[in-house]
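Trainee: Okay, handing you the structure first.
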Amino acid sequence: MSEGGLAALADPPDAPAGLPRLLSGTRGPASLEEHRRALDVPPRSRRSADESLLALVERSGLRGRGGAGFPMATKMRAVASGRGRPVVIVNGAESEPASGKDRLLLTMRPHLVLDGALVAAAAVGADSIVVCADDDDVLTSVERAVAVRRSSESSRLPIDLASLPRRYVAGEERSIVQLMNGGPAIPTSAPPRPFERGVGGRPTLIQNAETLAHLAQVFAFGPEWFRELGTAQEPGTRLITVSGAVAHPGVHEVPSGMPIAELYRSAGGERGATSGVLVGGYFGSWLTPAQAFDARLSDRSLRRFGAGVGAGVLYFLPDGACGLVETARIATWLAGQSSGQCGPCVHGLRAIASTVGALARGGGQDAAAKILRWSADVEGRGACKLPDGAVRFARSALATFSGDIEVHRRRGTCGAASDQALLPTYVATSSTR
Amino acid sequence: MTVRRLHLDPIACDGHGLCADWLPEMIRLDDWGFPILDPGEIPPELLHRAKRAASACPVLALKLAVEPARS
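And the structure:
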């Protein structure tokens with residue numbers, strides 16, 4: 358870092374070398390005192406955007422870690438150039454049932470995320486921050502962290518908390534904005550977009566908790582440090598929630614672009630122990646083990662399979678389990694997560710899910726053709742991306758488990774134990790506060 | 005230069021399907037009766053019926069959006 362007022366921070370005390378970064382330091386929850394030993398107090402927010410901070414974010418190349426992978430600097434600039442004083446929202450919703458990274462961060466490193474939110478607020482010139490979460494432990498952790506700051510650090514921006522219902526589409530940006538504006542936490546379709554006019558009609562920057570944690574470190578240790586790990590296009594580390602056929606499931610912090618095979622091995626996965634890999638989340642894609650173990654954890658590498666890192670979920674289907682049965686169960690769950698507003702989503706996802714179910718039971722004349730046709734019809738026709746994600750998930754299962762489909766057709770079943778649910782789900786809570 | 009395209013509010017749309025009667029060249033219905041729009045620009049000779057399709061919608065979910073032409 359050599360530019361302007363940031364030069365004073367050029368030699369931070371403890372830039373973590375190597376891994377982990379976000380999860381470095383203490384094993385348990387980091388207190389404010391422990392946190393401040395590693396990171397200086399973030400800058401104050403002024404009435405207007407801070408160009409040097411925006412340039413810093415740009416140089417870091419930081420991309421969103423919530424699923425879409427959008428460049429953070431671009432989003433920030435859009436918010437900063439909007440009309441009115443911006444608001445920053447920390448999206449702590451863990452809508453993906455197989456993901457645990459944001460919950461882990463917000464309970465173990467709440468101050469890192471809050472510092473990131475303060476940096477973001479200073480960059481865009483925001484005057485308030487709201488942390489949204491759908492988990493009681495997370496809300497308690499953040500509440501405690503905010504209280505500690507209030508008593509021991511000179512007062513900065515007001516940081517409020519908001520409880521989101523636990524529902525797949527509640528963590529979507531427009532759902533959050535609608536909830537903050539007094540409505541239900543379900544997506545909206547009408548413009549303007551949140552970055553133009555969101556909460557209270559003000560430009561609203563909504564960032565995933567992990568993204569903000571990275572931002573805190575980008576500010577503290579510099580964009581060059583940030584780029585030392587990861588790939589040129591997708592720099593930094595990522596929190597990946599690994600589960601399924603591995604000895605050590607859980608959240609792993611890895612450099613972006615790490616070979617999936619390497620992460621599988623280091624999580625204690627054994628050769629031949631998996632028959633399919635779900636990448637991204639339930640809006641993600643099933644890959645065959647051969648595809649997955651030939652790919653890296655970057656959108657660039659996964660693109661050729663129509664997949665992406667998404668919310669950082671990696672699930673290894675145990676060999677002997679049935680990918681069709683699991684896909685049918687999750688597709689049914691996803692259909693039930695629809696907010697019920699858009700016809701193609703309401704009807705299409707239900708039809709697709711029940712037809713995947715028919716395939717898994719060995720029936721369904723031209724079921725695969727029907728699923729493909731409906732998938733093409735439904736895609737892009739929802740107010741949010743739920744239908745697009747659900748059809749990507751179902752379609753990728755048809756390709757990945759094509760051999761199983763054949764076996765099911767001949768024998769009615771594949772003989773795998775199908776009474777045990779493997780991939781996690783949750784029961785949605787009501788959309789009122 | 006501007007062009008007109010069909011634009012649907014998917015939340016407002018209730019699948020009445022009247023739009024597809026007016027403009028079958030650009031609107032087809034899916035298996036549940038909800039319209040699938042042709043994303044292309046509305047050719048001048050269909051513009052009149054496109055307007056009728058939009059005003060036929062009981063919930064005004066269909067609009068004719070004016071957009072800059074893609075060069």
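Going line by line, the protein sequences match chains A and B. Quick note: the first sequence, position 309, residue 666 per the numbering used here, numbers continuous. Quick note: the second sequence, position 58, residue 62 per the numbering used here, numbers continuous. Note that CB positions come from ideal geometry on N, CA and C, so glycine has one too. Treat the numbers as computed from the prediction; the structure is a model and nothing was measured.
#1: Just checking: is the beta-carbon of B/CYS17 within a distance shorter than 8 Å of some beta-carbon in chain A?
#2: Chain B beta carbons: is any one of them nearer than 8 Å to that of A/SER711?
#3: For the segment 26-38 of chain B, list every residue whose C-beta sits within 8 Å of some C-beta in chain A, in sequence order.
#4: CB-CB under 6 Å to A/GLU683, same chain, minus the five flanking residues each way: which ones, in chain order?
#5: If the cut is a Cβ gap below 7 Å, which residues of chain B does A/GLY739 touch?
#6: Starting from A/CYS489 and walking both ways along the beta strand (DSSP E), at which residues does that stretch end?
#7: My output table needs one value for A/GLN574: the three-state DSSP class, helix, strand or coil.
#8: Let me confirm a value: A/ALA364 is counted as buried when at least 16 other C-beta atoms fall within 10 Å, else exposed. Which label applies?
#9: To which residues of the same chain is B/GLY65 closer than 7 Å at the C-beta, ignoring the five residues directly before and after it?
#10: Between the beta-carbon of A/ALA668 and the beta-carbon of A/GLY638, is there less than 8 Å?
#11: Please tell me whether A/LEU654 and A/ILE617 are closer than 8 Å, where the distance is taken between their beta carbons.
#12: Using DSSP with H/G/I as helix, E/B as strand and the rest coil, what is A/GLY587?
#13: Looking only at its own chain, which residues have a Cβ that is under 7 Å from the Cβ of A/ARG790, when we skip the five neighbours before and after it?
#14: Give me the Cβ distance between A/ARG434 and A/THR594, rounded to the nearest whole Å; I'm assuming they're in contact under 8 Å.
#15: Could you spell out where the alpha helix (DSSP H) holding A/THR497 opens and where it closes?
#16: Give the C-beta separation of A/ALA480 and A/LEU419 to the nearest angstrom, bearing in mind that I take them to be a contact with Cβ-Cβ under 8 Å.
#17: Are the beta-carbon atoms belonging to A/SER753 and A/ARG584 less than 8 Å from one another?
#18: Consider the Cβ of A/SER438: report whether some Cβ of chain B lies at a distance smaller than 8 Å.
#19: If contacts are defined as beta-carbon pairs under 8 Å, then A/GLY421 and A/ALA570 qualify, I think. What distance do you get, rounded to the angstrom?
#20: Is the Cβ of A/LEU443 closer than 8 Å to any Cβ of chain B?
#21: Using alpha carbons as the reference points, say which of A/ALA685, A/PHE662, A/ALA425, A/SER409 lies closest to A/GLY528.
#22: Ordered along the chain, which non-local residues of its own chain (more than five positions away) have a Cβ less than 6 Å from that of A/LEU366?
#23: Run through DSSP, which three-state label would B/VAL7 get?
#24: According to the Cβ coordinates, are A/PRO580 and A/LEU413 closer than 8 Å?
#25: Under the assumption that B/ARG32 contacts B/ALA69 (Cβ atoms under 8 Å), give the Cβ distance between them as a whole number of angstroms.
#26: To which residues does DSSP link A/PRO616 through a beta bridge?
#27: Secondary structure at A/TYR525, three-state DSSP: helix, strand or coil?
#28: According to DSSP, A/SER520 sits in a beta bridge with which residue or residues?
#29: Nearest-angstrom Cα distance between A/LEU644 and A/GLY385?
#30: Measure from the alpha carbon of A/VAL505 to the alpha carbon of each residue in A/PRO701, A/GLU619, A/HIS392, then state which is nearest.
#31: So what does DSSP say about A/ARG559, is it helix, strand or coil?
#32: Would a check of beta-carbon distances place B/ILE77 closer than 8 Å to chain A?
#33: Give every residue of the same chain whose Cβ lies closer than 6 Å to the Cβ of B/VAL63, excluding the five residues on either side of it in the sequence, and list them in chain order.
#34: Can you find the residues in the same chain that come closer than 7 Å, C-beta to C-beta, to A/ALA708, ignoring five residues on each side of it along the sequence?
#35: With A/VAL470 as the anchor, note down where its alpha helix (DSSP H) starts and where it stops.
#36: Would you kindly report the start and end of the unbroken beta strand (DSSP E) that includes B/PRO39?
Mentor: Result, derived from the coordinates:
#1: yes
#2: no
#3: ASP34, ASP35, TRP36, GLY37, PHE38
#4: LEU779, LEU780
#5: PRO14
#6: 486-490
#7: helix
#8: Summary for A/ALA364: the model assigns pLDDT 44, below 50, so the residue's position carries little reliability; its value from the coordinates is reported in the next sentence. Answer is exposed; the Cβ neighbour count stays below 16.
#9: Looking at the sequence provided, one finds Ala at residue 65 of chain B rather than Gly. The residues are LEU12, ASP13, ALA16, CYS17.
#10: yes
#11: yes
#12: strand
#13: Unreliable placement is indicated for A/ARG790, whose pLDDT of 38 sits below 50; the coordinate value is still reported in the next sentence. Same-chain partners within the cutoff: SER520.
#14: Wrong, their Cβ atoms sit about 24 Å apart, outside the cutoff.
#15: 493-509
#16: A/ALA480 to A/LEU419, Cβ: 11 Å. No contact.
#17: no
#18: no
#19: About 12 Å separates the two Cβ atoms, so there is no contact after all.
#20: According to the sequence displayed, residue 443 of chain A carries Pro and not Leu. By this cut-off, A/PRO443 is not an interface position.
#21: A/ALA425
#22: In this prediction, A/LEU366 has a pLDDT of 47, which is less than 50 and means its spatial position is unreliable; nothing more can be read from the coordinates.
#23: strand
#24: yes
#25: Going by Cβ atoms, the distance from B/ARG32 to B/ALA69 rounds to 19 Å, so no, they are not a contact pair.
#26: A/ARG653
#27: coil
#28: A/ALA490
#29: 34 Å
#30: A/HIS392
#31: coil
#32: Since the first residue shown for chain B is 5 and the last is 75, residue 77 of chain B is missing from the structure and cannot be characterised.
#33: ALA16, ASP18
#34: TRP731
#35: 467-481
#36: 39-41
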